[in-house]
Each structure stands twice: as C-alpha cells, then as structure tokens.
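For the protein sequence lines, the chains are A and B, in the order given. The opening position of the first sequence corresponds to residue 1 in our numbering, with each subsequent residue numbered one higher. The opening position of the second sequence corresponds to residue 1 in our numbering, with each subsequent residue numbered one higher. Notes for the one structure printed next.
There are 2 protein chains.
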Amino acid sequence: MLFFHPFDQENTFTLSEEESRHCIKALRYQKGDVIAITNGMGESAEAIITNDNIKACEVKITERKKVEPKRFLHVAIAPTKNADRIEWLVEKATELGVEKISLIQTERTERNFIKKERLDKIAISAIKQSHQFYVPEIVVGKKIEDLLVEETDIKLIAFVDRNNPVQFKEKLLSNQKILILIGPEGDFTAEEVALAEQHHFTKVSLGNNILRTETAGLLACCAVYTING
Amino acid sequence: MLFFHPFDQENTFTLSEEESRHCIKALRYQKGDVIAITNGMGESAEAIITNDNIKACEVKITERKKVEPKRFLHVAIAPTKNADRIEWLVEKATELGVEKISLIQTERTERNFIKKERLDKIAISAIKQSHQFYVPEIVVGKKIEDLLVEETDIKLIAFVDRNNPVQFKEKLLSNQKILILIGPEGDFTAEEVALAEQHHFTKVSLGNNILRTETAGLLACCAVYTING
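In structure tokens:
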C-alpha cells in the first residue's frame, strides 16, 4: 500500500484525517511500522509511524528518493454531460500514467461545471492504487484556444477527415510528449478544427467505431501507455 | 441512430417496447420513415416504419446486408467485487469491438453472482451507440480450465514473470484471434498460471503500473482495437 501526503522538504508531518484512518483504522498499522508514502510530485519515501492516532497519524521520513517522470500524454477533452463518465476517465487515465488532463470548453461542450476538487481526489486515489508517484495535473475550464499554443512534441486532434484519413497509431512515437484534443459527442466544429490545423495539429482517426468521448480519451491513454511500456 | 432487433430471416417484425419508445417517443420517428436496424449478428438493415405505435413499432425491412466480422479479441476476466466496474468494462469492450467476454471463476475471484441479462443489455446499447453490427458474446461462470482448451491463434495470460518479462504488445499481431486471461485483484495463483502455461499460454506484462482488473481488460481491448484499426 502506498500512502499520499503533499510533503515537500519536511521530514515529519501528520497525515490527513482520511489517510490516517486508512492507515491506522482500516489497515491497522501501528506506531513503529514503516509505510511507503508519495507526495504525488515524484517523491517516493519510507516513513516510520511516530504516532498512530486514528485521525492524525504522525510520521517521520527515513528514506526518500526521486522517481523519474515517464509521462508523455496530455489529454484535452470536452467533458461529458454525465459527470460519472469524466470521473471514470480521470481514474483510468491516472492509472495509465497520463501527465495532464484538461477539461476543455468547446463550441458544443455539454457540461461546464466541473468539480475539480473531486477529480483531484480521484486522481490521488488512483496513483495510490496503481503505485505511481506523480498525480496528473487536472485543469478545468480552458478554452480550446488556450491549448493551441502549448509546447509539445506531437499535436493531434481526434477528427476524421474522410478525404485524408490518418490513423492515430501512425502518429505515435515513444518518448515524445503528445497532446491530443478530443471533442464532445457533437464533435468539434469545422472552425475549431481549422484553428487547430493552423496551429500544426494533425487530424487523426481513432478507428472505425464511433467511440464515446470518454472511450476516445481512454484509447489515447492506453495507446500512449502501451507504446512507452 | 442504429436500432436493435434480433431478427433472422423475417422481413417484418415488431420492435421491443423499449426500442419502440426510443424510436417513436424519444426520437419522434413516424410511419413511413426509414430507420437503420441491426440484429447484432452481423446484419445491417434498412427498414420502413409501418406502424408507429409507441409501445409496438412495426417495421418492414427494405434492404439488408451482411457485415464482415472484424473482431479478434476474447477477454476472459475475473469479475470485480464492485459490479459497476464489470458493467463499465462490458460497455467499453463492446465499443472497442471485442468478440467475446468471459467472466471467469478463478481461485481468488471476488464475485460469483453476475447478472448476465444486464450485461447483455449494456452490450446491445453499446453496439447501437458505436454503430456496430455484432453484439459480443458474454459468458459467465466459466472456470479457467474451460478456457484453456479454446481454439485461438494467440493465447496470453496477464501475469508478470519478473525473471522473464514479456510485454503484451510484443505478442500482438493484427488479424489474429487473441485470447487473454486477466486475473482478479489478488491475481492468479501459481497453480493457475502453471496450468495455463501447460496449455501454451504466454505470460505477458501489461506494463509498469499496477492496473485494476477492469483497467487491464480495457487496455487489452484498446491494444487489439488499435492494432487492427
């Protein structure tokens, strides 16, 4: 089990109430036990429990190391009408090691209100579960225009150009930073696609099936995870 | 929109109450309109509405064609404790065009009771949504032993052999039938893995992250979809 605490330079700190309960009540760790903790910013630490209070577990780091980030994907996706589907996507994308998830406002985006705090919690829980040391950055409410100028190696927009179809997989390279834009159920508008193309995004097809927005996002996560695995 | 009805040779039939409501009430189709229907067994048909009864919509097929099956994956997976996660996997696997999903009993499987009828409904809904003409076969309650003798081109078991790690992606070939076994959260037992190996299954790693069972299943679906896209 991996615990989470957003520690920085300090070597002693108190876990959150939720983490304390999980550690002391659910998993029955006791004073003197050693646990693994990450700060979600690339640090993996071993810490000894110095106070096994059920609501305020105190620990002291005995060893820390920095883990190299091997994260290559930024998924920028229009949130779905149903919030559950976004939450699933955040959980799965996190398990699959994405670097960043942007929930974007497009012309046809179906939902504008996003509980970022809830998504951050899901992401933290998913890194603990999948034993990773980086929490993906989750950004909400960006306009598509804000993303067009991002610095990255490969820029893609999921949109089928029937005259000139390019398969997503043909554009993937390992060890390259990839940004992919994924539209809402109603798709990007022609203007949005044209704007992305002006900014050197390549239109790519995600295959023959009509995928739901969140499935398209997951497919991108799986493909980039696989190619870098 | 694609509708579903399990038709065979007959050219006239009545849609189910649910499909009728969807067609006539929600989407406001009327007598004389032409709709697209699949039987989930590879047939894509056009049909004219001959009676727009809200609970019993009658249609007559005017054109039918058989669609070539391009489905290569059989995912055999231990069901998760939380039924939502299996249901989600069935939806996503169907969107991604899998041929068959077996929910298997293994030594450490956490759930034995599966509502197959509900999973079939989810799969039908997903083929409509993703515009496909085959419903995956969903099999429940099989033992791992039953799957070991399946005829297929490539046989894999998701299990990390630290001495001899083989990446999943290295074993994938396009246009080949693939069967992959995915274990429960507690993993397969050493005996189960040995048994699979005796039946020519190859142990493969799904990468460095510890993935939840359903995420592992999804990753397999995405990889096989991508390689055959």
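Glycine is no exception: its CB is placed at the ideal position from the N, C-alpha and C atoms.
Residue environment: Q9/B is assigned as exposed (fewer than 16 neighbouring CB atoms within 10 Å of its CB, all protein chains considered). A Cβ-Cβ contact shorter than 9 Å links V204/B with L156/B.
Chain A places a beta carbon closer than 9 Å to that of G229/B, counting this residue as a contact.
Rounded to the nearest whole angstrom, the C-alpha separation of I227/A and K25/B is 46 Å. Under the 9 Å criterion on CB atoms, H74/A is classed as non-interfacial with respect to chain B. F133/B is not a Cβ neighbour of V75/B, given a cutoff of 9 Å. With fewer than three CB-CB distances shorter than 8 Å, the stretch 80-98 of chain A does not count as touching the stretch 56-67 of chain A. At a Cβ-Cβ threshold of 9 Å, I154/B and Q129/B do not count as neighbours.
Taking the Cα of K169/A as reference, the smallest distance to any Cα among L219/A, A194/A, Y29/A and K100/A is reached at L219/A. Counting the other Cβ atoms within 10 Å of the Cβ of F113/B gives fewer than 16, which makes it exposed. Taking C-alpha positions only, R21/B is separated from R212/A by approximately 23 Å. Along the stretch 209-225 of chain B, going in chain order, the ones with a CB nearer than 7 Å to a CB of chain A are N209, I210, L211, R212, T215, L218, L219, C222, A223 and Y225. For L96/A, the neighbours in chain B by C-beta distance under 8 Å run, in chain order, N209, L211, T215 and L219. Rounded to the nearest angstrom, the Cβ distance from P69/B to G40/B is 12 Å, too far for a contact under 8 Å. Runs of the alpha helix (DSSP H) lying entirely within the stretch 122-174 of chain A, each at least 4 residues long, are 144-148 in chain order. If you ignore the 5 residues before and after V135/B, its C-beta comes within less than 7 Å of the C-beta of G40, A123, I124 and I127, all in its own chain and listed in chain order. According to the DSSP secondary-structure assignment, H74/B is paired through a beta bridge with K100/B and L179/B. Inclusion of E191/B and E107/B in the CB contact set at 9 Å is warranted, their separation being smaller than that value.
A158/B places its beta carbon less than 9 Å from that of I180/B. Under the Cβ distance rule, F168/B counts among the residues neighbouring chain A, one pair being separated by less than 9 Å. The C-alpha of K121/B lies about 13 Å from the C-alpha of E95/B. Comparing alpha-carbon positions, the option among I77/B, Q30/B, F13/B and T38/B lying closest to K65/B turns out to be T38/B. When CB distances to chain A are screened at a threshold of 8 Å, the residues of the stretch 73-92 of chain B falling below it are W88 and K92, in chain order.
In its chain, beyond the 5 residues on either side, A56 and E58 have a beta carbon closer than 6 Å to the beta carbon of T14/B. Note on the stretch 12-69 of chain A: whole beta strand (DSSP E) runs with a minimum of 3 residues are 12-14, 34-38, 43-52 and 57-66, in chain order.
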